[in-house]
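Novice: This is the structure, below, for whatever I ask next.
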Amino acid sequence: MKARTYRKHVEKKLKESLLATADSSAAVAHSKTSPAGKAIESIMTALPGLLAVAVVDLNSGLALASHSNSPGINPETAATYNTEVVRQKQKALVALKITDEEIQDILITLTNQLHLLMLSSDGTRFIYLVVNLRETNLAVAREVLRAHVDEIN
Amino acid sequence: MGTSAAAHKNDKDQLRNEKLNFKITIPDEIELTTGKVEKILKSALAHLPNLTAVAIVSVATGTCLAQYSRLRSFNPAVAASYNAEIVRQKKQAIAALSMRGERLEDILIPLRKQLHLIRLAKNSQWFVYLVVKAQDTSLAVAREVLKAISA
Chain A
1 MKARTYRKHV
11 EKKLKESLLA
21 TADSSAAVAH
31 SKTSPAGKAI
41 ESIMTALPGL
51 LAVAVVDLNS
61 GLALASHSNS
71 PGINPETAAT
81 YNTEVVRQKQ
91 KALVALKITD
101 EEIQDILITL
111 TNQLHLLMLS
121 SDGTRFIYLV
131 VNLRETNLAV
141 AREVLRAHVD
151 EIN
Chain B
1001 MGTSAAAHKN
1011 DKDQLRNEKL
1021 NFKITIPDEI
1031 ELTTGKVEKI
1041 LKSALAHLPN
1051 LTAVAIVSVA
1061 TGTCLAQYSR
1071 LRSFNPAVAA
1081 SYNAEIVRQK
1091 KQAIAALSMR
1101 GERLEDILIP
1111 LRKQLHLIRL
1121 AKNSQWFVYL
1131 VVKAQDTSLA
1141 VAREVLKAIS
1151 A
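Protein chains in written order, with the working numbering: chain A, 1 to 153; chain B, 1001 to 1151.
As structure tokens, this is what we get:
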């Protein structure tokens, strides 16, 4: 290949790859075909008033799929911190030598918001949900997550 | 089996004879009185006689200010620093998301057989860490009691 043709070729490839990443990041934020995206869709149908929801990989702390109805909440930022919350609790269980137990979910109450982390059965992923405390009660939110947690694997 | 049953009986006897003298150490930077700590621990035991463990922990350092455990094998002080880290991470998350007017109130962690509950004090300097058996106490009851005693 001539040098000039090669440069064009490289430029074309680069453009393609940039487009591809842009596309895939948009798809990750809200895909309807991946299991994580499907779970997000069904949770949004069950709780239309939710503030934010994300499916997070516990290993990397990255969101596999997410959606936010509130401009203030970036579910991907929150995912990072909440991964650390789950990991610390897992470490606590190890430190306490509690081996026959596993974390099912973590419920966090703020002044006006409820944050729920529901772990998948194999413990590699979790769903992170933020709802308004005045609109959705703890039991309902927990039940919805429990119904959809098996979909994210 | 025989020895463990005997050990269990000894534990129970010890509990009955215990006059609930808690060892309380409060660093200067934390606004909390020994009387208040004692009140929290005593009312926790009064409301939830079957609780597994209860502790009061400093958020900043993760040290246990006071603790009580029904099980010899369960030392809440061991978990205290991890739980303090959970609280700090969650507070950072709230700060990172710039949620105005939001304050961390409590964190509930239901396991299969145990419920772990954390309730932050109004001044956010310390929290009450409560562990109960899931079969004895429902999550809602444990949460309400914790809310009432740490107010």
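Backbone N, C-alpha and C define an ideal beta-carbon position, used for all residues, glycine too.
1) According to DSSP, simplified to helix, strand and coil, what is Ser24 of chain A?
2) Can you give me the C-alpha to C-alpha distance between Asp1151 of chain B and Ala1121 of chain B, rounded to a whole angstrom?
3) Measuring straight from C-alpha to C-alpha, what distance separates Ile1030 of chain B and Ile1040 of chain B?
4) If you draw a straight line from the alpha carbon of Pro138 of chain A to that of Ala1140 of chain B, how long is it in whole angstroms?
5) Using a Cβ-Cβ cut-off of less than 8 Å, give me the residues of the stretch 1080-1094 of chain B that come near chain A, in sequence order.
6) Write down the C-beta distance between His148 of chain A and Ala39 of chain A rounded to the nearest angstrom, noting that I regard them as a contact closer than 8 Å.
7) So, with DSSP's three-state summary, where would you put Asn82 of chain A?
8) Could you check whether the Cβ of Val85 of chain A sits closer than 7 Å to any Cβ belonging to chain B?
9) Measure the alpha-carbon distance for Ala1134 of chain B versus Ile98 of chain A and round it to whole angstroms.
10) How would you list, in chain order, the residues of chain B whose beta-carbon sits under 8 Å from the beta-carbon of Leu110 of chain A?
11) Output yes if chain B places a C-beta closer than 7 Å to the C-beta of Ile127 of chain A; else output no.
12) Looking only at DSSP bridge pairs, what is Lys1133 of chain B linked to?
13) Quick one: is Arg1112 of chain B near chain A, going by C-beta distance under 7 Å?
14) Can you tell me which of B:Lys1090, B:Ile1026, B:Asp1136, B:Met1099 puts its alpha carbon nearest to the alpha carbon of Arg1112 of chain B?
15) Starting from Asn1083 of chain B and walking both ways along the alpha helix (DSSP H), at which residues does that stretch end?
16) What does a CB cutoff of less than 8 Å around Val86 of chain A pick up in its chain, not counting 5 residues either side in sequence?
17) Would you check if there are 3 or more beta carbon pairs closer than 8 Å linking the stretch 1044-1058 of chain B to the stretch 1125-1134 of chain B?
18) Please check the pair Ala65 of chain A and Gly37 of chain A, which I expect to be a contact at CB under 8 Å, by giving their CB distance rounded to whole angstroms.
19) Rounded to whole angstroms, what's the CA-CA distance from Leu1097 of chain B to Ser70 of chain A? Just pull it up for me.
20) Indicate the three-state DSSP secondary structure (helix, strand or coil) for Ala139 of chain A in the structure shown.
Specialist: Looking at the coordinates:
1) Any reading at Ser24 of chain A needs caution, since the residue's pLDDT is 36, under 50, leaving its predicted position unreliable; the model's value is listed next. Helix, per DSSP.
2) One detail in the question is off: residue 1151 of chain B reads as Ala in this sequence, not Asp. Going by the C-alpha atoms only, they are around 7 Å apart.
3) 16 Å
4) Note on identity: in this sequence residue 138 of chain A is Leu, with Pro being the wrong assignment. The straight-line gap from Cα to Cα measures roughly 10 Å.
5) Residues passing the 8 Å Cβ filter: Tyr1082, Asn1083, Glu1085, Ile1086, Gln1089, Lys1090, Gln1092, Ala1093, Ile1094.
6) 5 Å
7) helix
8) Interface residue (Cβ-Cβ distance to chain B less than 7 Å): Val85 of chain A is classified as such.
9) 15 Å
10) Ile1094, Met1099, Glu1102, Arg1103, Leu1104, Glu1105
11) no
12) Note: Lys1133 of chain B sits in a beta bridge opposite B:Gln1114.
13) With 7 Å as the cut-off, Arg1112 of chain B counts as an interface residue toward chain A.
14) Residue B:Asp1136 is the option with its Cα nearest to Arg1112 of chain B.
15) That run of the alpha helix (DSSP H) goes 1076-1096.
16) Leu58, Ile103, Ile106, Leu117, Leu119, Phe126
17) Yes, they touch.
18) Indeed they touch by this definition, with Cβ atoms about 4 Å apart.
19) 11 Å
20) Three-state DSSP puts Ala139 of chain A in a helix.
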